[in-house]
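Trainee: In terms of this note's numbering, the sequence shown is numbered consecutively and its last residue is 286.
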Amino acid sequence: MTVSMIPAGEAQLCVETFGRREDPALLLIGGATSSMDYWESDLCRRLAEAGRYVVRYDHRDTGQSTSSPVGEPGYTIDDLSDDVLRVLDGLGVGRAHLVGLSMGGGLAQGLAVSHPERVLSLTLVATTCAFERVGTAPLPPPEARVADTFSQSTPDVDWSDEEAVVQGNVDALRPFAGSLWDEDAVRAVSRVVVRRTRDMAASVSNHWVVIGGDGEPDPHTMGEIDVPTLVLHGTEDPLLPLPHGEALAAEIRGATLLRLEGMGHEVPPRQLWDTVVPALVEHTAR
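(1) Does DSSP classify M5 as helix, strand or coil?
(2) Apart from the five residues just before and just after D58, which ones in its own chain have a Cβ nearer than 7 Å to its Cβ?
(3) Unbroken alpha helix (DSSP H) runs of length 4 or more, entirely within the region 178–252: which are they?
(4) Could you tell me the distance, in whole angstroms, from the CA atom of S179 to the CA atom of S114?
(5) Opposite A11 in the DSSP bridges: which residues?
(6) At the level of alpha carbons, what is the spacing between E40 and E117?
(7) Using a Cβ distance threshold of 8 Å, determine whether the region 228–245 contacts the region 137–144, with at least three qualifying pairs required.
(8) Can you confirm whether the region 190–210 touches the region 252–269 when touching is taken to mean that 3 or more C-beta pairs between the two stretches lie within less than 8 Å?
(9) Please name the residue in W273, L260 and S67 whose C-alpha comes closest to that of A201.
(10) Tell whether a beta-carbon distance below 7 Å holds between M1 and F18.
(11) Enumerate, from N- to C-terminal direction, the unbroken alpha helix (DSSP H) stretches of 4 or more residues contained entirely within the region 106–175.
(12) Nearest by alpha-carbon distance to G135: which of R60, L107, R45 and M222 is it?
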């Protein structure tokens with residue numbers, strides 16, 4: 001493992017790599033408010049042992065990357081997208097296989113359209129179509145248990161109390177999980193997240209300000225994505241139910257859908273690694 005800080009304009013991004021530089025690069029892009037820690041080290045090592053140069057990094061306002069004041073992110077969604085290229089540039093990687101979860105899947109789709117010369121393949125995890133679709137059937141909304149979390153006020157948290165913050169993180173993740181939920185494992189990752197993060201209050205709030213900001217309508221269509229694509233989608237995703245993954249596979253030419261039984265809106269849990277790792281290795285061998 002090698003950890004480094006890579007400049008991103010005035011910001012710094014914390015990046016960790018696993019494996020040999022000469023192997024094909026596989027860049028893991030987290031979802032909103034997610035540090036690199038959700039891509040667990042053991043998962044990264046398994047992929048590296050299979051012959052991949054694995055890269056994970058902290059988005060701005062997560063982990064050890066630069067943090068902005070709460071409610072005042074000093075960046076846009078375009079900056080989060082450009083950060084993917086900055087990470088690759090900082091590591092001297094010309095082209096990479098992009099693995100994007102949720103928001104990270106949207107960023108990956110955008111780069112496949114705007115910078116196809118940098119993208120070897122896409123793996124889209126627990127995400128949805130970023131651009132206009134050919135299909136006209138409406139996609140299902142979030143389940144009530146998830147929709148309710150966005151309408152509730154943020155609970156008061158003593159950010160100096162590590163155990164309280166860890167518990168709050170576990171509680172926030174629980175509604176998004178599927179039946180493979182392992183509270184002990186989630187708590188262990190949450191503790192790493194809390195201990196590594198510069199400002200947890202900013203980490204759990206600032207990305208929503210950025211995502212909710214006004215922007216120009218996107219002119220692209222799903223048909224413009226022209227790279228090998230693997231879709232990994234949980235059968236129990238409560239935020240973006242399975243038809244979102246099915247739509248991705250239908251809209252992107254040649255895409256393959258792998259349905260993951262019992263997975264919710266989350267990084268594939270450990271119980272699924274024996275399925276996910278071989279699928280990723282096969283997909284990124286092209």
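In this text, a Cβ means the ideal position worked out from N, Cα and C, and glycines have one as well.
As the structure is a computational prediction, the values presented were derived from the model and not from experiment.
Mentor: Result, derived from the coordinates:
(1) One-based indexing of the sequence shown puts residue 5 at position 5. Shown here, M5 sits in a strand according to DSSP, grouped into three states.
(2) Working through the sequence shown from its first residue, we reach residue 58 at position 58. Here the set comprises L13, C14, S35, M36, Q64 and S65.
(3) 183–196, 200–203, 206–211 and 242–251
(4) Counting from 1 along the sequence shown, the entry for residue 179 is found at position 179. Counting from 1 along the sequence shown, the entry for residue 114 is found at position 114. Approximately 37 Å, taken between the alpha carbons.
(5) On the sequence shown, residue 11 is found 11 positions in, with the first residue counted as 1. DSSP output for A11 lists A8 as bridge partner(s).
(6) In the sequence shown, counting from the first residue as 1, residue 40 sits at position 40. In the sequence shown, counting from the first residue as 1, residue 117 sits at position 117. Near 28 Å, if we compare the C-alpha coordinates of E117 and E40.
(7) yes
(8) no
(9) Sequence index remark: in the sequence shown, residue 201 carries index 201 (1-based). It is S67.
(10) Sequence index remark: in the sequence shown, residue 1 carries index 1 (1-based). Sequence index remark: in the sequence shown, residue 18 carries index 18 (1-based). Going by C-beta atoms, M1 is nearer than 7 Å to F18.
(11) Taken in chain order, the complete alpha helix (DSSP H) segments of 4 or more residues contained in the region 106–175 are 144–151 and 162–173.
(12) For the purposes of this step, residue 135 is taken as the residue at position 135 of the sequence shown. The candidate whose alpha carbon is nearest that of G135 is M222.
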